[in-house]
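Read in order, the letters of the sequence shown are residues 53 to 489 in this note's numbering.
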Amino acid sequence: MKLARWFIAIFCAAAASLFAAGELALRLQPALEAITPDGLLAHIKVLASDEFEGRAPGTKGEELSVKYITDQFKQIGLKPGNPDGTYIQEVPLAGIKSEPRMSIAIGDKTIDLKYPDDFIASSARLQPEIKIDKSDVIFVGYGVVAPEYGWDDYKDADVRGKALLMLIGDPPVPDPKDPSKLDNKMFKGKAMTYYGRWTYKYEIAAQKGAAAAIIIHETGPDGYPYSVVKTSWAKENYEIDSPNKNMDTVAARSWIALDAAKKLLADCGQNFDELKNSAITKEFRPVPLNVKANIEIKQQIRSFKSHNVIGKLEGSDQKLRDEYVIYTAHWDHLGRHPELQGDQIFNGAIDNASGVASVIQLAAAFTKLNPPPKRSILFMSTTAEEAGLLGAKFYAEHPLYPLEKTLADINIDTVNPWGKRATSKTSATTIQHSMIC
Numbered sequence: 053m054k055l056a057r058w059f060i061a062i063f064c065a066a067a068a069s070l071f072a073a074g075e076l077a078l079r080l081q082p083a084l085e086a087i088t089p090d091g092l093l094a095h096i097k098v099l100a101s102d103e104f105e106g107r108a109p110g111t112k113g114e115e116l117s118v119k120y121i122t123d124q125f126k127q128i129g130l131k132p133g134n135p136d137g138t139y140i141q142e143v144p145l146a147g148i149k150s151e152p153r154m155s156i157a158i159g160d161k162t163i164d165l166k167y168p169d170d171f172i173a174s175s176a177r178l179q180p181e182i183k184i185d186k187s188d189v190i191f192v193g194y195g196v197v198a199p200e201y202g203w204d205d206y207k208d209a210d211v212r213g214k215a216l217l218m219l220i221g222d223p224p225v226p227d228p229k230d231p232s233k234l235d236n237k238m239f240k241g242k243a244m245t246y247y248g249r250w251t252y253k254y255e256i257a258a259q260k261g262a263a264a265a266i267i268i269h270e271t272g273p274d275g276y277p278y279s280v281v282k283t284s285w286a287k288e289n290y291e292i293d294s295p296n297k298n299m300d301t302v303a304a305r306s307w308i309a310l311d312a313a314k315k316l317l318a319d320c321g322q323n324f325d326e327l328k329n330s331a332i333t334k335e336f337r338p339v340p341l342n343v344k345a346n347i348e349i350k351q352q353i354r355s356f357k358s359h360n361v362i363g364k365l366e367g368s369d370q371k372l373r374d375e376y377v378i379y380t381a382h383w384d385h386l387g388r389h390p391e392l393q394g395d396q397i398f399n400g401a402i403d404n405a406s407g408v409a410s411v412i413q414l415a416a417a418f419t420k421l422n423p424p425p426k427r428s429i430l431f432m433s434t435t436a437e438e439a440g441l442l443g444a445k446f447y448a449e450h451p452l453y454p455l456e457k458t459l460a461d462i463n464i465d466t467v468n469p470w471g472k473r474a475t476s477k478t479s480a481t482t483i484q485h486s487m488i489c
């Protein structure tokens, strides 16, 4: 039962207030017995099978995934999670295939960047063409505005219409008492805050009125190599199909490979390492690079309905049943890439069939608690996480239950399959901040 050990803490926390210590183990036993390695593996094998084709939104893989999770919730005995009497929440999405070009003008010299080896670029704006001409490029450090840390990388710089070159991750501020360590009082030390995510970088660029945001890829802070960026962004991507067609987002969102960024900076008389080092202090100010960016993105767009899947276990307390705790895991992965030779399917067994399997098993376990939890429990599997938390974002913006009555979201994004020495990635967040990973 090694894989199930971490579930014990969840149930102890949920049930400790209900029972005396002497009867807690007895009451929990049926629930804990509902969580088994074989049970988890059975769900993973189905969701990560070739039949599901990598579970991309808007494909056969979505249809199969939504049906499978819905059927499991029904068999477990969960009630429909949508107040309309269904187990699904429609999420309007747009699929976007991008063909980008980018060049950098340095004086009389123009450098054409190679797609996708040097850069990728796309737009959340649902329009067939994006064009940015001769936009001044400004290095803005980590591109962070965090009042709670007294941090503002932009200061009073006017970046409207500009192309922002920025670093990924949080500013790694050294501990003043021990510079070999990070300051835990700044951006939570080694942990990544939302300020470090690429989604935030593009959001703050839009708020500042920038024309483009170009993130410099680094494997360490990113946690994955540039090849993952190429694979993820060079295929069809997804955005929420909002009424304003996402015209409030930054026009061009880009990543640039580290070597390409270093060469670009050297060509305009700057040193990457020096700029990066200058960006880890509150005194940092934006650095104009005296170069101009030209970006053109042609887009093929299709609109479709994707789905979050939601089941509900009603609380047992008359006064508290209208308060909610949510357990979530995204069902989507990277789908099928027909342009590849050989195996074309990204099965996503760990990311995140394992998380969905865990939510299903948790739901089954919770139904065996006697009495049920005082508060209502929602079990939700969200869509389009790989495209930027879109299903979670849509729920946070269009909640089926009041956010002020939602106490917590416990999200499971991959389950540790290697034993207790390895690190798993189980996260708990409040639902209101883009909700989940």
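The beta carbon of each residue, even a glycine, is placed where N, CA and C say it ideally should be.
Suppose contacts are defined by Cβ-Cβ distances below 8 Å. Is residue i in contact with residue j by that definition?
i, j, result
"R107", "D384", "yes"
"K186", "N346", "yes"
"S175", "A309", "no"
"P338", "F239", "no"
"D164", "I397", "no"
"A173", "S306", "yes"
"S382", "N404", "What sits at residue 382 in the sequence shown is His, not Ser. Yes. Within cutoff."
"I266", "L219", "no"
"T435", "V98", "no"
"P168", "K282", "yes"
"K214", "A263", "yes"
"Q413", "I96", "no"
"D208", "V197", "no"
"P495", "I402", "Past the edges of the chain, shown from 53 to 489, lies residue 495, and the structure says nothing about it."
"L216", "A257", "yes"
"D222", "G195", "no"
"L386", "E438", "yes"
Are there 16 or more other CB atoms within 10 angstroms of the CB of residue i, so buried, or fewer, so exposed?
i, result
"P340", "exposed"
"K274", "The identity of residue 274 in the sequence shown is Asp, whereas the question assumes Lys. D274 is buried by the Cβ-count criterion."
"A77", "exposed"
"Q514", "Given a span of 53 to 489 for the chain in the structure shown, any question on residue 514 remains unanswerable."
"E105", "buried"
"G394", "exposed"
"Y490", "Residue 490 is absent from the structure shown; the chain starts at 53 and stops at 489."
"R354", "exposed"
"P228", "exposed"
"Q141", "buried"
"A318", "exposed"
"K253", "buried"
"E291", "buried"
"M154", "buried"
"L459", "exposed"
Counting along the chain, where does the beta strand (DSSP E) carrying residue i start and finish?
i, result
"V377", "Y376 to H382"
"D461", "T458 to I464"
"L217", "A215 to L219"
"D395", "No beta strand (DSSP E) holds D395; DSSP gives it neither H nor E."
"F171", "F171 to S174"
"Y402", "Per the sequence shown, residue 402 should be read as Ile rather than Tyr. Looking at the DSSP string, I402 is not in any beta strand (DSSP E), and its letter there is neither H nor E."
"K233", "D230 to L234"
In three-state DSSP terms, what is residue i?
i, result
"N298", "coil"
"R388", "strand"
"Q186", "Correcting the residue type first, residue 186 is Lys in the shown sequence and not Gln. Three-state result, K186: strand."
"Q179", "coil"
"Q370", "coil"
"E270", "coil"
"N360", "strand"
"E348", "strand"
"P469", "coil"
"T435", "coil"
"P226", "strand"
"D123", "helix"
"I165", "According to the sequence provided, residue 165 is Leu. The question's Ile does not apply to it. Strand at L165."
"I192", "It is Val, not Ile, that sits at residue 192 in the sequence shown. Correct three-state label for V192: coil."
"V343", "strand"
"V118", "helix"
"L455", "helix"
How would you write the range of the alpha helix (DSSP H) that residue i sits in, first residue to last?
i, result
"T111", "Counting along the chain, T111 falls outside any alpha helix (DSSP H), and DSSP gives it neither H nor E."
"S410", "G407 to F418"
"Y290", "Here Y290 belongs to no alpha helix (DSSP H); instead the beta strand (DSSP E) covers N289 to I292."
"F446", "L442 to E449"
"T251", "W250 to Q259"
"T283", "Y278 to W285"
What runs of the alpha helix (DSSP H), each 4 residues or longer, lie entirely inside the segment 125-163?
none
Mind pulling the alpha helix (DSSP H) runs of 4 or more residues that sit fully within the segment 306-340?
310-319 and 324-330
List, from N- to C-terminal side, the alpha helix (DSSP H) runs of 4 residues or more that fit wholly inside the segment 71-104.
73-85 and 89-99
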